[in-house]
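If you read the sequence shown in numbering that gives the first Met the number 0, its first letter stands for residue 0, the second for the next number, and so on.
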Amino acid sequence: MRVRSGSRKLSAAAVAVLVLLGTVAVVLASFALAGFPYRGQEPTQLIWAEVIFLVLLLAIPLFR
Numbered sequence: 000m001r002v003r004s005g006s007r008k009l010s011a012a013a014v015a016v017l018v019l020l021g022t023v024a025v026v027l028a029s030f031a032l033a034g035f036p037y038r039g040q041e042p043t044q045l046i047w048a049e050v051i052f053l054v055l056l057l058a059i060p061l062f063r
């Protein structure tokens, strides 16, 4: 069975949307657990780890 190129594009878009929603869920969960870093507070290591994780997840599809 041959796979149409349109379905590949659709599945890639679906994966991109799922990754985006997953990272948003992780960030919102961290705010719920650790609290929002106000200007007077030092940003927690958890926030920086999530930023790095988000950048990695967004960069992976670029290098496939």
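From the three backbone atoms N, C-alpha and C, an ideal C-beta is built for every residue, glycine too. Computed from a predicted structure; not experimentally measured.
Tell me which same chain residues have a C-beta within less than 6 Å of the C-beta of Leu56, skipping the five on either side of it?
-> Taking the first residue of the sequence shown as 1, we reach residue 56 at position 57. Once the five neighbours on either side are set aside, the close Cβ partners of Leu56 are Val18 and Thr22.
Would you say the beta carbon of Glu49 comes nearer than 8 Å to a heavy atom of the ligand COA?
-> You won't find the ligand COA in this model; it holds no ligand whatsoever.
From Val26 to Ala12, what does the alpha carbon distance come to, in whole angstroms?
-> Along the sequence shown, read from residue 1 onward, the residue named residue 26 stands at position 27. Along the sequence shown, read from residue 1 onward, the residue named residue 12 stands at position 13. The alpha-carbon atoms of Val26 and Ala12 are separated by roughly 21 Å.
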